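Taking it in order: structure first as structure tokens, then the write-up.
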Amino acid sequence: MTTAEYIQNNKDRFLNELFELLRIPSISADSAFKNDVRKAAEYIQNKLIQAGADKVELCETAGYPIVYGEKIIDPALPTVLVYGHYDVQPSAPDELWETPAFEPVIRKTAIHPEGAIFARGSCDDKGQVYMHVKAFEAMMATNSLTCNVKFMIEGEEEVGSGNLGPFCIANKERLKADMVLISDTSMIANDTPSIDVGLRGLSYVEVEVTGPNRDLHSGVYGGAVANPINILAKMIASMHDENNHITIPGFYDKVAELTAAERKDLNEAPFDLEEYKKDLQVGDVWGEKGFTVLEKTGIRPTLDVNGIWGGYTGEGSKTVLPSKAFAKISMRLVPNQSSDEITALFQKHFEGIAPPSVKVVVKPHHGGEPVVTPTDSKEYLAAARAVERTFGKKPIPTRGGGSIPIVALFKKELGLSSVLLGFGLDSDALHSPNEHYGVVNYFNGINTIPLFFEEYAKA
Ligand code: BES
Ligand code: MN
Ligand code: MN
């Protein structure tokens, strides 16, 4: 039996198993789910064992365990390190899900006429991780594994991968490989395959602005005492100028500018602005003057408020001049910005623009460095050929706007380049209500991974 026939014969079971994994609410950000996060790790551990992996282990960390497993068929063959994450984003706001986030169902959509699996984590990243587990099973069962493989599946990607870096540094020998294979990104469309060759970095901070020492009557004191929410709003607004440039001094100093030819290439990727606006139901796009949408999300840095709160937000009205205001702010970074440097620049600037009427505290959260991966490497070319065999078209190299913080560390600490062989679509609602993953995308992934192994072994 060929690998493709095995996959075809086991289609229903491959879907049902993914459904089981998706029913486990492995939300890493919320400690109320800590038993479930572990259950997801155990689920993957068991399935790797059943598929025939050796040395399968839950490696404990200060946080959630890392699932490790390997199959070394011949030390002379190349070794592929597969990385992914079994944790998911919170499902809130739950009332906006058409069906519950952890009760997977298949529904048809305009983009997925053959059906998509609706559940938190279906695309990001359980569905894409599980493609690797099933592709491995299929290769093992049909005696067609052509490379050595090591699996490293973590449970803290959505909270910054804080314990994975130290694990990699402490396990360099065990993680020895020739490259890293990751399915945790998107393609342009099901009829327009693409491979991300860049990811943005991230600098994430929380700010606290304190005015008076207690909440005050907004009539008795209002007008004379600084309102920290008003001040915070003003400070945030001042961080973009009229061209939507970020005003933090030094913010752009290290930004790698692309050549005219590189920008032309990047903009050659198919992109329909009208479709984009229609999908998001926005009257127009926004952002830094002088750049296209693909540039704004691919090669330019950003500053965005992710959440802002303070004062009274309950039912009805309460007249109050609040004591405190808060915001969570993310900055997406591009080569050659550094997360620590940008965090420090933000902190200095934010403290500097605060009027004496308030006190501010900046608390840095996690970060990650931007990456670009080569398009002329053996591993990229093998991935491109595998994708072409499945989709009948050469993939377009693209720059992903999201971040996978550990990818830069793989290069720096393990000396390994990554291939971002993702099968999701940006419109699959990752991190949003009604996240979904095309059934076709899931099986395209399971079928393409063995082709990648085949092409990589040949290269
Ligand atoms: N899988 C995404 C990143 C991604 C998605 C990259 C689509 C390219 C295209 C990943 O799980 C993610 O959401 N990362 C976070 C990182 C953060 C929590 C440290 C992100 O980008 O916000
Ligand atoms: Mn992900
Ligand atoms: Mn994510």
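The numbering of the sequence shown is our numbering, which starts it at 1194 and goes up by one.
Every residue, glycine too, gets a C-beta built ideally from N, C-alpha and C.
In this text the structure is predicted, and so the values were computed from the model without any measurement.
Bounding residues of the beta strand (DSSP E) (the contiguous stretch that carries residue i)
| i | result |
| --- | --- |
| Glu1341 | According to the sequence shown, residue 1341 is Asn rather than Glu. Its beta strand (DSSP E) spans residues 1341-1347. |
| His1305 | Counting along the chain, His1305 falls outside any beta strand (DSSP E), and DSSP gives it neither H nor E. |
| Tyr1257 | Here Tyr1257 belongs to no beta strand (DSSP E), and DSSP marks it neither H nor E. |
| Thr1583 | Taken as a continuous stretch (DSSP letters only), Thr1583 belongs to no beta strand (DSSP E), being part of the alpha helix (DSSP H) at 1571-1584. |
| Met1372 | 1372-1375 |
| Lys1552 | 1552-1561 |
| Val1612 | 1611-1613 |
Distance cut-off 8 Å: residue i Cβ against heavy atoms of ligand 3
| i | result |
| --- | --- |
| Asp1229 | no |
| Glu1349 | no |
| Gln1321 | no |
| Asp1223 | no |
| Gly1416 | no |
| Pro1595 | Before going further, note that residue 1595 is Gly rather than Pro in the sequence given. Under cutoff, so the answer is yes. |
For residue i: DSSP bridge partner residues
| i | result |
| --- | --- |
| Tyr1630 | Ile1310 |
| Val1413 | Bridge partners of Val1413: none, in fact. |
| Ala1382 | Thr1385 |
| Phe1519 | Glu1401, Trp1502 |
| Ile1200 | According to DSSP, Ile1200 bridges with nothing at all. |
| Lys1590 | Here the sequence assigns Pro to residue 1590, which means Lys is not the residue at that position. For Pro1590, which the question treats as bridged, DSSP gives the partners Ile1388. |
| Thr1495 | Arg1525 |
| Val1513 | His1410 |
Residue i beta carbon near ligand 1 (any heavy atom closer than 8 Å)
| i | result |
| --- | --- |
| Leu1215 | no |
| Tyr1236 | no |
| Gln1282 | yes |
| Gly1561 | yes |
| Ser1379 | yes |
| Asp1389 | yes |
| Leu1614 | no |
| Ser1354 | yes |
| Leu1602 | no |
| Gly1412 | no |
| Asp1497 | no |
| Asp1619 | yes |
| Tyr1397 | yes |
| Pro1598 | yes |
| Leu1392 | yes |
Whole-Å CB distance - residue i paired with residue j, under 8 Å assumed
| i | j | result |
| --- | --- | --- |
| Ser1376 | Met1324 | 6 Å |
| Ala1334 | Tyr1236 | The Cβ separation is near 20 Å, so there is no contact. |
| Ser1354 | Gly1615 | Going by Cβ atoms, the distance from Ser1354 to Gly1615 rounds to 17 Å, so no, they are not a contact pair. |
| Glu1351 | Ala1222 | 6 Å |
| His1558 | Glu1399 | 6 Å |
| Ile1304 | Ser1620 | 6 Å |
| Thr1566 | Leu1644 | 19 Å between Cβ atoms; not a contact. |
| Thr1272 | Lys1369 | 7 Å |
| Leu1459 | Leu1487 | 6 Å |
| Asn1640 | Ala1197 | 6 Å |
Heavy atom of ligand 2 within 8 Å of residue i beta-carbon
| i | result |
| --- | --- |
| Leu1623 | yes |
| His1278 | yes |
| Asp1317 | yes |
Start-to-end residues for the alpha helix (DSSP H) that takes in residue i
| i | result |
| --- | --- |
| Ala1622 | Ala1622 -> no alpha helix (DSSP H), and no H or E assigned at all. |
| Ala1536 | It should be noted that the sequence gives Thr, not Ala, for residue 1536. From DSSP, the alpha helix (DSSP H) with Thr1536 extends over 1532-1546. |
| Thr1490 | 1486-1491 |
| Thr1568 | Where Thr1568 is concerned, there is no enclosing alpha helix (DSSP H), given that its DSSP letter is neither H nor E. |
| Val1527 | No alpha helix (DSSP H) holds Val1527; DSSP gives it neither H nor E. |
| Leu1607 | 1599-1607 |
| Lys1319 | 1319-1334 |
| Ile1362 | 1357-1363 |
| Glu1467 | 1466-1473 |
Residue i at chain C interface by Cβ criterion, 9 Å
| i | result |
| --- | --- |
| Gly1504 | The chain labelled as chain C is not found in the depicted structure, where only one protein chain is given. |
Mind listing, in chain order, the continuous alpha helix (DSSP H) runs of no fewer than 4 residues lying wholly within the segment 1392-1459?
Runs of the alpha helix (DSSP H) lying entirely within the segment 1392-1459 and spanning at least 4 residues, in chain order: 1421-1430.
Which runs of the alpha helix (DSSP H), 4 residues or longer, sit entirely within the segment 1221-1302? Fully enclosed alpha helix (DSSP H) runs of 4 or longer: 1227-1244.
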